[in-house]
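K.L.:
Numbering (our numbering), first residue to last: 22 to 504.
Glycine included, each C-beta is placed from N, C-alpha and C at the ideal position.
A quick note: this is a predicted structure, and the numbers were derived from the prediction, not measured.
Could you have a look at this structure, given as structure tokens, before my questions?
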Amino acid sequence: MAARLPGARGRWRGLARAAGAGAGPRAPRAVWEAGTGTGGADEPGGKGSQRAQERGGGGAGSSSEAFPARVVPGGAPAAYVHIPFCQRRCHYCDFPISVVGSRGAAVPAAREAMERYVALVLREVRAMEVDAAAPAPLRTVFFGGGTPSLLPPDLLEALLAGLDRAFGLDPSAEVSLEADPGTFSREGLGALRAAGVTRLSVGVQSFDAGELEACGRAHSLRDALEAIDAVHAVGFPSWSLDLMSGLPRQTVEGWGRSLEQALDAGPDHLSVYDLQVEAGTPFARWYEPGARPLPLEAEAAEMYRLASRTLRGAGFEHYEVSSYARPGHRCRHNQVYWSGEPFWGFGLGAASFLGGRRVTRPRKMKGYEAWVPQLEARPMAAEPGPQTEAEAQVAAQDGLLDFVMLQLRLVEGLGLEEVAERAGGGSRGGRMAAGVLEAVRPHVKAGTARVCGEGSARRVQLVDPDGLLVSNDIISDVFAALD
22 MAARLPGARG
32 RWRGLARAAG
42 AGAGPRAPRA
52 VWEAGTGTGG
62 ADEPGGKGSQ
72 RAQERGGGGA
82 GSSSEAFPAR
92 VVPGGAPAAY
102 VHIPFCQRRC
112 HYCDFPISVV
122 GSRGAAVPAA
132 REAMERYVAL
142 VLREVRAMEV
152 DAAAPAPLRT
162 VFFGGGTPSL
172 LPPDLLEALL
182 AGLDRAFGLD
192 PSAEVSLEAD
202 PGTFSREGLG
212 ALRAAGVTRL
222 SVGVQSFDAG
232 ELEACGRAHS
242 LRDALEAIDA
252 VHAVGFPSWS
262 LDLMSGLPRQ
272 TVEGWGRSLE
282 QALDAGPDHL
292 SVYDLQVEAG
302 TPFARWYEPG
312 ARPLPLEAEA
322 AEMYRLASRT
332 LRGAGFEHYE
342 VSSYARPGHR
352 CRHNQVYWSG
362 EPFWGFGLGA
372 ASFLGGRRVT
382 RPRKMKGYEA
392 WVPQLEARPM
402 AAEPGPQTEA
412 EAQVAAQDGL
422 LDFVMLQLRL
432 VEGLGLEEVA
442 ERAGGGSRGG
452 RMAAGVLEAV
462 RPHVKAGTAR
472 VCGEGSARRV
482 QLVDPDGLLV
492 SNDIISDVFA
502 ALD
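So this is what it looks like as structure tokens:
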């Protein structure tokens with residue numbers, strides 16, 4: 022299984038390094054898309070396979086520090102905000118959530134809980150400061166969860182206003198929000214659009230009623246179809262649809278039908294995830310990965326190939342392992358993560374990447390409630406980076422490995438010149454770049470990777486789809502060469 026990446030779905034680092042044994046041609050896990058630090062979306066990161074794509078939270082030089090620096094030189098171009106509220110917990114979900122029932126904010130106690138949480142997140146935002154004469158405003162904001170569409174529009178607007186006051190919000194910023202069918206009406210979507218949301222990520226997951234029920238999803242197939250109608254009626258500059266493969270009793274033929282229905286829905290972006298059976302979930306008690314009633318490994322791999330053929334044939338670019346977009350509709354927020362840029366993370370379980378360090382907030386509400394006042398009480402100063410030469414070397418090597426993993430999961434691939442630069446240049450940089458070439462040589466011969474360009478412009482790319490299916494094996498071989 023391809024390793025999870027930073028952020029919304031944390032634990033990525035250990036999995037990445039453990040990938041050396043190779044898991045065979047199982048469909049790869051989404052690269053994270055947005056930041057809960059729990060283990061990703063569209064991403065990200067994305068749910069039982071979750072949008073580790075429309076989520077965020079990792080990056081080079083991660084740290085075990087409990088708190089981020091309160092003063093951030095230069096700021097960051099993106100912010101992930103975790104909204105933990107859900108109608109129920111799905112059978113595959115291991116994310117930090119707070120269940121509020123099917124009526125959501127219509128119940129006074131649930132509304133009060135949401136108000137308290139938003140006030141706490143705004144306190145965290147206000148505790149941070151950018152050290153720059155003219156800091157650039159936020160280019161992207163991603164509201165992930167949880168089910169952010171359960172949050173009343175006035176509370177969402179308060180969060181956006183708080184981010185704008187603290188960091189500035191570019192007039193052309195991409196503001197993404199995850200929305201589950203059955204949690205919004207046409208009128209509610211209109212209010213979200215008016216509040217500033219420019220991009221919606223709709224968690225349909227399947228167009229098969231039986232598969233939705235097997236996953237414990239709160240919405241029905243009818244809810245999904247009505248949600249799609251509402252999205253079109255309101256009109257968003259861009260919207261994404263999530264699908265999951267590898268579900269209980271799912272067949273390749275049924276998966277193909279879901280893909281076709283997804284295309285009929287007319288999204289600008291599709292995130293396609295393979296189910297991951299996470300420890301501690303009902304699915305972990307009921308099922309064994311790769312065994313019935315889940316699809317077998319070969320079937321899961323064919324589902325991945327089918328998605329690639331079908332969606333690329335319909336005009337979508339397969340720009341990242343689990344992400345497909347019509348031209349001009351890539352998720353800008355996720356591209357901040359994948360490029361290794363810094364980003365803010367706020368809220369329960371969220372992860373930030375600032376000053377070369379990844380810091381994850383507590384996953385439990387009581388822990389987060391205690392964490393915010395402790396952050397506020399810390400000195401208003403930038404904290405130092407690694408203090409010893411050994412720590413600096415470890416941080417630099419971690420950063421290099423993170424960069425390699427992220428780049429190999431993108432259609433553009435990994436630039437050898439960038440590897441050399443990030444390895445410190447000189448003879449060491451040259452050796453590292455040469456090591457990457459040597460590591461991928463067997464995969465080039467096997468037809469799962471290729472080397473493009475000449476001289477310093479050479480790039481290593483994984484072949485779509487078969488190279489992406491064995492991405493763990495290829496990334497592990499490259500890691501071994503860089504170790």
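Using 8 Å as the threshold, is the region 133 to 149 in touch with the region 173 to 181, meaning 3 or more CB pairs across them?
P.N.:
The region 133 to 149 is in contact with the region 173 to 181.
K.L.:
For the region 127 to 185, which segments carrying the alpha helix (DSSP H) assignment without a break, of at least 4 residues, lie completely within its bounds, in sequence order?
P.N.:
Fully enclosed alpha helix (DSSP H) runs of 4 or longer: 129 to 147.
K.L.:
Counting Cβ pairs closer than 8 Å, one from the region 111 to 122 and one from the region 331 to 350, do we hit at least three?
P.N.:
The region 111 to 122, when compared against the region 331 to 350, does not touch it at the 8 Å Cβ threshold.
K.L.:
Please report the distance separating the alpha-carbon of ALA249 from that of THR219.
P.N.:
Looking at the sequence itself, residue 249 is Ile, so the reference to Ala does not match. Rounded to the nearest angstrom, the two C-alpha atoms are 16 Å apart.
K.L.:
Taking TYR325 as part of the alpha helix (DSSP H), name the residues at either end of that continuous run.
P.N.:
Taken as a continuous stretch (DSSP letters only), the alpha helix (DSSP H) holding TYR325 covers 318 to 334.
K.L.:
I need the straight-line Cα distance from PRO400 to GLN418, nearest angstrom please.
P.N.:
One C-alpha to the other measures close to 29 Å.
K.L.:
Is the CB-CB distance between ALA501 and GLU459 below 8 Å?
P.N.:
It is not a contact, given that the beta carbons lie outside the stated cut-off.
K.L.:
From HIS339 to GLY183, what does the alpha carbon distance come to, in whole angstroms?
P.N.:
Cα-Cα distance, rounded: 35 Å.
K.L.:
From CYS114 to SER492, what distance separates their C-alpha atoms?
P.N.:
Looking at the two C-alpha atoms, the distance is approximately 24 Å.
K.L.:
Which class does GLU195 belong to by DSSP, given the choice of helix, strand or coil?
P.N.:
Residue state, collapsed to three classes: strand.
K.L.:
Run through DSSP, which three-state label would ALA372 get?
P.N.:
Three-state DSSP puts ALA372 in a strand.
K.L.:
Tell me the rounded alpha-carbon separation between ALA37 and LEU422.
P.N.:
With a pLDDT of only 29 at ALA37, under the threshold of 50, the placement of this residue in the model should not be trusted, and no figure is reported.
K.L.:
Express the C-alpha separation of VAL92 and TYR358 in angstroms, rounding to a whole number.
P.N.:
So the two alpha carbons sit approximately 21 Å from each other.
K.L.:
My output table needs one value for CYS352: the three-state DSSP class, helix, strand or coil.
P.N.:
Coil.
K.L.:
For the alpha helix (DSSP H) containing ILE496, list its first residue and its last residue.
P.N.:
Element bounds for ILE496: 492 to 503.
K.L.:
Does DSSP classify GLN482 as helix, strand or coil?
P.N.:
Residue state, collapsed to three classes: strand.
K.L.:
Confirm, please, whether the CB-CB distance from LEU198 to SER222 is below 8 Å.
P.N.:
Result yes, Cβ atoms of SER222 and LEU198 sit closer than 8 Å.
K.L.:
Comparing C-alpha positions only, which one of ASP494, LYS387, ALA478 and ARG382 sits nearest to GLU145?
P.N.:
Nearest option by C-alpha distance: ARG382.
K.L.:
Based on the DSSP output, what are the partners of PRO117 in its beta bridges?
P.N.:
Looking at the DSSP assignment, PRO117 forms no beta bridge with any residue, so it has no partner.
K.L.:
How about VAL461 and ALA470: do their beta carbons lie closer than 8 Å?
P.N.:
Result yes, Cβ atoms of VAL461 and ALA470 sit closer than 8 Å.
K.L.:
Is it true that the CB of ALA148 sits closer than 8 Å to the CB of LEU396?
P.N.:
Against a cut-off of 8 Å, the Cβ pair of ALA148 and LEU396 comes out as a contact.
K.L.:
Taking the straight line between their C-alpha atoms, what separation do you get for VAL323 and GLY275?
P.N.:
As written in the sequence, residue 323 is Glu, which differs from the Val given in the question. Approximately 12 Å between the Cα atoms of the pair.
K.L.:
Exposed or buried, which one is ASP494 when buried takes at least 16 other CB atoms within 10 Å?
P.N.:
Its Cβ being crowded by 16 or more others within 10 Å, ASP494 is buried.
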